[in-house]
Amino acid sequence: MPRQAAAAAAEAVMEVEEDGEPEDQEERWARLLPELLSEVVRRVEASGCERWPARKDVVSCACVCRRWRDAAVAVVRPPAESGKITFPSSLKQPGPRESPMQCVIRRNKKNSTFYLYLGLTNFVASVKNFQLVAAAEPSDPAGTVDDETVLLQFGKVDDDMFTMDYRQPLSAFQAFAISLSSFGTKLACE
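In the numbering used here, the protein residues as written are 257 to 446.
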């Protein structure tokens, strides 16, 4: 009996594939004209969603199907150009040159882990802050350092929340690793 049921199910699947109904449901968005598809993704990208969680709309476009993912990757600029973190691969790419990109590091007390929270938070000055500054150029005898040379700024905002601003040549992943290594044994627990 189970063998007959499996054969009947296989025949039903073959009939449905011939009709093309499930295929139509899965691929109707993939059949969108490339020009129209690029315009849709471009408009979603330009809709003013600068930070998470609003950036999820761009990621949602990339999740529809392979063609949409290719269009989204072609339209969305890397963090060095746009100053926006969109896809997970953006975390490994260098940050922007002009202004630092702000990320927040949160602590989960239940499992004692730290994670990047890509939400919006105002930076508050703290005694726990540190800055990673690029070395002065050898051609500059005075060794002056200005705001443009700060590569990473890290500080405590709340009991379990920290802020991290980074720029090129660091990626979010590298800046996060440097910030975590600065904790030592007591900083996050104080």
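Glycine included, each C-beta is placed from N, C-alpha and C at the ideal position.
Computed from a predicted model, the values in this text were never measured in an experiment.
Q. Using DSSP with H/G/I as helix, E/B as strand and the rest coil, what is L293?
A. helix
Q) Shortest alpha-carbon distance to V320 belongs to which of Q409, V296, P335 and D416? A) V296
Q: Give the straight-line distance between the Cα atoms of C317 and P350, rounded to the nearest whole angstrom.
A: 24 Å
Q: Would you grab the beta carbon distance between V406 and Q387 for me? Rounded to a whole angstrom, and I think it's under 8 Å.
A: 5 Å
**Q.** Helix, strand or coil at D416 [DSSP, three-state]
**A.** coil
**Q.** Coil, strand or helix - Q387 by DSSP
**A.** strand
(Q) Along the chain, where does the alpha helix (DSSP H) containing A431 start, and where does it finish? (A) A428 to S437
Q | Simplified DSSP assignment, three categories, for P350 | A | strand
**Q.** Cβ-based burial, L293 [other Cβ within 10 Å; buried from 16]
**A.** buried
Q: Using only alpha-carbon positions, find the residue among W285, V332 and R323 that is nearest to S303.
A: V332
(Q) In whole angstroms, give me the CA-to-CA distance for R284 and R323. (A) 11 Å
Q) If you run the structure through DSSP and keep just helix, strand and coil, what is V332? A) coil
(Q) Quick test of your reading: V314 and E301, contact by CB under 8 Å. State the CB separation rounded to the nearest angstrom. (A) 6 Å
**Q.** Nearest neighbour of A327, chosen from A433, L289 and P335 [CA to CA]
**A.** L289
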